[in-house]
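Notes follow once the structure below has been shown.
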Amino acid sequence: MLIPKADRKKIHEYLFREGVLVAKKDFNLPKHPDIDTKNLYVVKALQSLNSRGYVKTQFSWQYYYYTLTPEGLDYLREWLHLPAEIVPATHIKQQRSHAPPR
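All residue numbers for the sequence shown refer to the working numbering, where the first residue is 8 and numbers rise by one.
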């Protein structure tokens, strides 16, 4: 499917920033809730990334759940021209707060 480059860039940027993406299986939905583009564009762009092994897809209760793979991380970093220091939100390790002593 032909997707405008601006919309594809929005989808790829969101996926790289978050590391995960959820899309409802409703191809007539005028707009994706998180990305300012058609839901059909989101599903088809991620279907393309899935066929190349850049995302892992899980389908449940009429929703697609996409997770970025390490190969997809490298691909999107190259496609978006980003440095290696920038990583998705799901790859950032959170600081653990130690429990107070008893």
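C-beta: ideal position from N, C-alpha, C; glycine also.
### Query
Among the residues of its own chain, which have a CB less than 7 Å from the CB of Y82, if the five just before and after it don't count?
Excluding residues within five positions, the ones whose Cβ falls inside 7 Å are Y61.
### Query
In the structure shown, what three-state DSSP assignment does V94 receive?
When secondary structure is reduced to three states using DSSP, V94 falls in the coil class, being assigned neither helix nor strand.
### Task
On a CA-only basis, which of P37, Q65, F34 and N35 is nearest L28? Give me that one, please.
Measuring from the Cα of L28, the nearest candidate turns out to be Q65.
### Task
Using only alpha-carbon positions, find the residue among I10, P95, L36 and P40 that is nearest to L53.
Nearest of I10, P95, L36 and P40 to L53, Cα basis: I10.
### Query
How long is the line joining the alpha carbons of K51 and L22, rounded to whole angstroms?
Answer to the nearest angstrom: the Cα atoms are 14 Å apart.
### Message
To the nearest angstrom, how far is the alpha carbon of I93 from that of K38?
### Response
One C-alpha to the other measures close to 28 Å.
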